[in-house]
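Chemist: First to last, the protein sequences are chains L and P.
Just so you know, the first sequence maps onto residues 4 to 79 in our numbering.
Just so you know, the second sequence maps onto residues 38 to 275 in our numbering.
All C-beta atoms, glycine included, are put in the ideal place defined by N, C-alpha and C.
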Amino acid sequence: MKAVVTVMPKPAILDPAGVAAGRAMEHLGLKGVRSVRIGKSIEIEVDGADEKRLHEICHDLLSNPVVEDYKLEILS
Amino acid sequence: MPSVMKVAVIQFPGSNCDTDCQAALASFDGVKAEIVWHKETSLAGYDAIVLPGGFSYGDYLRCGSIARFSPIMGAVRAAADAGVLVIGICNGFQILCEAGLLPGTLMRNKGLLFRCENLHLRVENNDSPFTSAMTNGQVLEIPIAHGEGSFVADEETLNQLNANNQILVRYCDANGNVSPEANPNGSLENIAGICSHGRNVFGLMPHPERVCDHLLGGTDGRGIFQSMIEAVQKTKAK
Chain L
4 MKAVVTVMPK PAILDPAGVA AGRAMEHLGL KGVRSVRIGK SIEIEVDGAD EKRLHEICHD
64 LLSNPVVEDY KLEILS
Chain P
38 MPSVMKVAVI QFPGSNCDTD CQAALASFDG VKAEIVWHKE TSLAGYDAIV LPGGFSYGDY
98 LRCGSIARFS PIMGAVRAAA DAGVLVIGIC NGFQILCEAG LLPGTLMRNK GLLFRCENLH
158 LRVENNDSPF TSAMTNGQVL EIPIAHGEGS FVADEETLNQ LNANNQILVR YCDANGNVSP
218 EANPNGSLEN IAGICSHGRN VFGLMPHPER VCDHLLGGTD GRGIFQSMIE AVQKTKAK
């Protein structure tokens with residue numbers, strides 16, 4: 004099974020790294036930067052796991068539900 | 038002759054304040070501090086547990102997120118549930134939050150800088166086994182050294198922390214004023230350390246073990262360990 008997990012800071016959470024990257028974009032001349040949020044993309048190849056188990060792994064390990072949301076996509 | 042108090046200092050791959058914690062604890066009479074490797078599964082016989090600072094598992098994924106699944110953490114959780122004192126310092130605080138033994142989490146510093154400097158803490162509540170040897174409002178000078186120490190929790194959690202007096206130390210200035218200017222990392226309400234609802238689990242970002250000896254520039258960290266020792270002695274005397 005191939006899967007991609009996208010982990011993003013929750014909308015209400017300040018993302019200092021995203022803010023800093025956004026400022027750098029402005030320094031490079033990009034106009035109108037409204038928001039930059041930095042997350043993670045995690046590619047997984049695994050044999051014999053079911054989707055429910057992967058959701059548990061996403062919830063317990065790959066994201067911190069206090070401040071992050073995740074999206075699990077099964078590719079194949 | 039006081040009975041010997043045995044403390045376990047958990048060593049994860051990437052811990053780097055473990056021997057500092059051991060040395061700080063060993064400087065107290067009647068305390069025996071031992072390093073316990075994270076692959077161990079028992080903490081039987083220990084009166085207190087320290088999760089030291091450092092960069093467990095290289096801070097990969099998130100600070101503390103992999104260490105929380107180390108084999109020893111089952112025993113740490115069981116000990117915490119049984120009322121044993123558990124203190125997490127810096128990365129240890131992050132691990133306790135990731136493990137759900139403390140609420141909230143520590144995020145990247147608001148100013149993005151890794152802050153490594155002495156600063157001041159105000160003792161907010163001395164009704165705990167970690168602060169009882171100090172007075173409410175006492176100002177401590179203790180160093181911090183972290184890039185991800187901004188305490189975050191949802192509003193309900195924060196309300197509960199306040200209502201239950203679980204916020205034990207806040208960042209303040211030299212005069213004890215808790216102000217935005219004294220906040221090094223953007224922590225909610227200048228929170229530097231919190232305890233569990235049962236008050237036997239304490240996490241803080243500052244490093245009390247680094248100021249337990251005049252040779253190292255201060256002794257303001259001793260009050261926290263002294264409190265723990267007195268709490269254990271009281272329990273043993275029962």
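For L:VAL49, which three-state DSSP category applies?
Modeler: As a working note, residue 49 of chain L is residue 46 in the first sequence. DSSP places L:VAL49 in coil when its eight states are reduced to three.
Chemist: Going by beta-carbon coordinates alone, are P:ALA70 and P:ALA63 separated by less than 7 Å?
Modeler: Within the second sequence, numbered from 1, the residue matching residue 70 of chain P stands at position 33. Within the second sequence, numbered from 1, the residue matching residue 63 of chain P stands at position 26. The answer is yes: Cβ separation under 7 Å.
Chemist: Is P:ASP250 helix, strand or coil by DSSP?
Modeler: Taking the second sequence and counting its residues from 1, one reaches residue 250 of chain P at position 213. DSSP places P:ASP250 in strand when its eight states are reduced to three.
Chemist: From what residue to what residue does the beta strand (DSSP E) around P:GLN48 run?
Modeler: In the second sequence, counting from the first residue as 1, residue 48 of chain P sits at position 11. Counting along the chain, the beta strand (DSSP E) containing P:GLN48 begins and ends at 42 to 48.
Chemist: According to DSSP, is P:LYS277 helix, strand or coil?
Modeler: Residue 277 of chain P lies beyond the range of chain P shown here (38 to 275); nothing can be said about it.
Chemist: Give every residue of the same chain whose Cβ lies closer than 7 Å to the Cβ of P:LEU139, excluding the five residues on either side of it in the sequence, and list them in chain order.
Modeler: If you number the second sequence from 1, residue 139 of chain P lands on position 102. Answer for P:LEU139: LEU133, ILE231, SER233, VAL238 and GLY240, listed in chain order.
Chemist: Against L:VAL70, what residues of chain P qualify as contacts under a CB-to-CB distance less than 7 Å, listed in chain order?
Modeler: As a first step, residue 70 of chain L is located in the first sequence; it is residue number 67 there, counting from the start. Result: THR142, MET144 and VAL189.
Chemist: Name, in chain order, the residues that DSSP records as bridge partners for L:SER44.
Modeler: Within the first sequence, residue 44 of chain L is the residue found at index 41, counting from 1. The partner list for L:SER44 (beta bridge, DSSP) reads L:THR9.
Chemist: Under the DSSP definition of a beta bridge, which residues are partnered with P:VAL189?
Modeler: Taking the first residue of the second sequence as position 1, residue 189 of chain P is located at position 152. Looking at the DSSP assignment, P:VAL189 forms a beta bridge with P:THR142.
Chemist: Buried or exposed: P:GLY111, going by 16 or more other Cβ atoms within 10 Å of its Cβ?
Modeler: As a first step, residue 111 of chain P must be located in the second sequence, where it is residue number 74. By the 10 Å Cβ count, P:GLY111 comes out exposed.
Chemist: With respect to the beta strand (DSSP E) encompassing L:GLU71, which residues constitute its N-terminal and C-terminal limits?
Modeler: Residue numbering aside, residue 71 of chain L sits at position 68 when the first sequence is read from its first letter. Where L:GLU71 is concerned, the enclosing beta strand (DSSP E) stretches over 71 to 77.
Chemist: Looking at the unbroken beta strand (DSSP E) that takes in L:ARG37, where does it start and where does it end?
Modeler: Within the first sequence, residue 37 of chain L is the residue found at index 34, counting from 1. That residue, L:ARG37, is in no beta strand (DSSP E); it is neither H nor E in DSSP.
Chemist: Cα separation between P:MET242 and P:HIS157?
Modeler: Position 205 of the second sequence, counted from the start, is the residue given in the question as residue 242 of chain P. Position 120 of the second sequence, counted from the start, is the residue given in the question as residue 157 of chain P. Roughly 12 Å between the two C-alpha positions.
Chemist: Identify every residue that forms a DSSP beta bridge with P:LEU177.
Modeler: Counting from 1 along the second sequence, the entry for residue 177 of chain P is found at position 140. Partner(s): P:LEU158.
Chemist: Strictly under 7 Å for the Cβ-Cβ distance: is P:MET38 near chain L by that measure?
Modeler: On the second sequence, position 1 is the one that residue 38 of chain P refers to. The predicted position of P:MET38 is uncertain, since its pLDDT is 45 and thus under 50; a value taken from the coordinates is nonetheless stated next. No, because no Cβ of chain L sits closer than 7 Å to the Cβ of P:MET38.
Chemist: Using C-beta distances below 6 Å, list every residue in its chain close to P:ALA182, excluding the 5 sequence neighbours before and after it, in chain order.
Modeler: Stepping through the second sequence from its first residue, residue 182 of chain P is reached at position 145. Excluding positions up to five away in sequence, the list reads CYS153.
Chemist: Determine which residues of the segment 64 to 77 of chain P have a Cβ less than 8 Å from any Cβ of chain L, and write them out in chain order.
Modeler: none
Chemist: In terms of alpha-carbon separation, which member of L:LEU33, L:ARG26, L:GLU76 and L:VAL70 lies closest to P:ARG145?
Modeler: To locate residue 145 of chain P, count along the second sequence from 1; it is residue 108. When only C-alpha atoms are compared, the closest one is L:VAL70.
Chemist: Taking P:SER165 as the reference, which of P:PHE151, P:ILE266 and P:ALA274 has the closest Cα?
Modeler: Stepping through the second sequence from its first residue, residue 165 of chain P is reached at position 128. Of the listed residues, the one whose Cα sits closest to P:SER165 is P:ILE266.
Chemist: What does the alpha-carbon distance come out to for the pair P:GLY137 and P:GLY101?
Modeler: For this step, residue 137 of chain P is matched to residue 100 along the second sequence. For this step, residue 101 of chain P is matched to residue 64 along the second sequence. Rounded to the nearest angstrom, the two C-alpha atoms are 11 Å apart.
Chemist: Which class does P:MET38 belong to by DSSP, given the choice of helix, strand or coil?
Modeler: Within the second sequence, numbered from 1, the residue matching residue 38 of chain P stands at position 1. With a pLDDT of 45 at P:MET38, under the threshold of 50, the predicted position of this residue should be treated as unreliable, though the coordinate-derived value follows. Looking at P:MET38 - three-state DSSP - the assignment turns out to be coil, as it is neither helix nor strand.
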